Structure formats: C-alpha cells, structure tokens
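Quick notes on the structure that follows.
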Amino acid sequence: MKFTKMQGLGNDYLYVFAAALPPHVKALSKRLSDRHFGAGADGMIFILPSDRADFMMRIFNADGSEAEMCGNGIRCVGKYVYDKGYTDKTRLTVETPAGIKTLLLHTAGGKVQTVTVDMGRVAVGAPQTVTTTESTVRLTPVNMGNPHAVVFVDDAEKAPLATLGAALSVHPAFPDGVNVEFVSVTDSTHLRMRVWERGSGVTLACGTGACAAVAAAIATGFCTKNTAVTVMLDGGALTVQVDGNGEVTMEGPAETVFEGEVADDAT
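Counting from 1, position 264 in the sequence shown corresponds to residue 788 in my numbering; the numbering is continuous, with no gaps.
The structure is reproduced here in structure tokens:
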C-alpha cells in the first residue's frame, strides 16, 4: 500500500488514495501512526470516491478512532489530488462525515501552496463550568462538525495540555470525547492557541480547533465577525474568518513530506 506523508502546520497524516477503506483500518492507522514502530503521524486519511462531491475524506486518529473532520487534513487532501493530477479544478468539494466542504486551491508553479476551506456553519454553545481532578474550568463548547471545548487562559504557552487537556478530552460532559483548545487573546485580530486533540493528544495544530477558537472569541466579545483573525499555533499560523451568518472560512498551507510504501503483509 502506497502512502504520502503530508502536513499542515505540523499536523501530519499518512494519505492513501483508494477505491475503498482497507480491512482493519482502525488497527492499521494505529500501527502506522506510531512514531517509533510505524511511519509516524497524527493519523491516516483516506481519499475515496464520492457520489456527492469530487472526493471523500475519511480520517482515523493515531489511536485508531475515527474523526469527523480535520481542517489541516482537508487542506492537504486538496493539495494531494491536484498535485498528483486526480483533478485540474482549483475549486473542489470534499465529502466528510461532517458534511461537504468546499476548497479553493491557491497554486504556484503547478503546485498547491495554500488552501482556503469553507468550513460550514459553526455552532457555539453556552459557556459551562466543568470540574476535573485537575481543576474547575470555564469553557465554551463549539461544534465545527466535530466537538471542541475552548478554554480562554492568560497565557496559552503555559497551558496544562497533558493534564487538564487530557482530562477534559474524556470528561463525561462530552460523551463522544472532545478536542480541547487553550486560547489566549493577543488582540482583536490575533489569538494564540494550543491544543489537545481527541484521539491524538498534543498536536502542533488543529484547523477546526482554530475555527472553534475564533468563533468562541467572537461569542465572548474578544473578536468580531467579518474580520480575519490570525490564530498562531505551535506549528504556525492560520487565518480564520466568521461571517454574519456563522459561516467559517480558514486559510493555511499544505505540504508534502515524503512518499512511502507499506508491504502487503504489514496491512
């Protein structure tokens, strides 16, 4: 099985173009994502045929669980299919478990450099207080097609990702688990964010998380609608904008790291 390792702001996945999901896909993703005994990644993304869009994307985390959506991952899907000649469109649609997303590919020299994604409409819940063994925190639940809990802090650099982030991610308040974003506000157009991703742990970036952070910041009064906000993550910056109807767009880079192949007896 051939794969391509790609990354968006350090959020890295193994990409496979296939007619169907392979058997035992969850175990396969867990094994190949291992950074010591596998190829090493935050998970695997399969690009499949779709009868509703140009392509379909299925995402499996490093622990084998399936994710509904990945903002960094879908940008790399756009780069993959264009750079490899599976499409000549610079505007295309991708079916995900979180709905159909529209991508605008920005190219140079025949290759995709950055991608703007129409992420759909965000749903921001009422702030709530959650108690863990670590502490009691105030958070804002956000649905970007996948679940997020945004925690505003004074300094995201000091965010307790491995303790509080991990505890919130599996808290009973979120039966399906949740991605946890710790966000500090630099000013009305700049946020600093660090993330504990459900199923992957600490990652360098989370695209849907950045969108959730901006939406929560707008709901809290830190940012405003119809204004581009730069979200600085450990892996780099994303630009996010939420319009008056709650529709979210995100722009960021997509890069190919290397090509690889797994022996048939390893799949």
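The beta carbon of each residue, even a glycine, is placed where N, CA and C say it ideally should be.
The structure displayed is predicted, hence computed values, not measured ones.
Residue 605 sits in a helix when the DSSP states are folded into three classes. For residue 744, there is no enclosing beta strand (DSSP E); the enclosing alpha helix (DSSP H) covers residues 731-744.
A contact between stretches requires three or more CB pairs, one per stretch, nearer than 8 Å, and the segment 615-629 fails this requirement with the segment 701-709. In the three-state reduction of the DSSP assignment, residue 788 falls in the helix class. Take the alpha-carbon of residue 638 and the one of residue 601: they are about 12 Å apart. Taking the Cβ atoms as the reference, residue 545 lies roughly 18 Å from residue 563, outside the contact range of under 8 Å. In terms of Cβ geometry, residue 530 and residue 771 do not form a close pair [threshold 9 Å]. Taking a contact as a CB-CB distance under 8 Å, the pair residue 765 and residue 751 counts as one, their CB atoms being some 7 Å apart.
Between residue 713 and residue 754, the C-beta spacing is below 9 Å.
Assignment of residue 556 by DSSP, reduced to helix, strand and coil, places it in the helix class.
Looking at the DSSP output, residue 617 sits in a beta bridge with 626. With a threshold of 16 other beta carbon atoms within 10 Å, residue 682 falls short and is exposed.
A residue is called buried once 16 or more other Cβ atoms fall within 10 Å of its Cβ, and residue 526, having fewer, is exposed.
Cβ contact annotation for residue 742 (same chain, cutoff 7 Å, sequence separation greater than five): 748, 749 and 766, in chain order. Rounded to whole angstroms, residue 692 and residue 656 show a C-alpha spacing of 7 Å. Secondary-structure assignment with DSSP links residue 591 through a beta bridge to 583. One alpha carbon belongs to residue 784, the other to residue 528, and they sit about 6 Å apart. Residues 566, 567, 585, 586 and 587 of the same chain have their beta carbon placed closer than 8 Å to that of residue 724, with the five preceding and five following residues left out of the count.
Counting the other CB atoms within 10 Å of its CB gives residue 532 a total of 16 or more, which places it among the buried residues.
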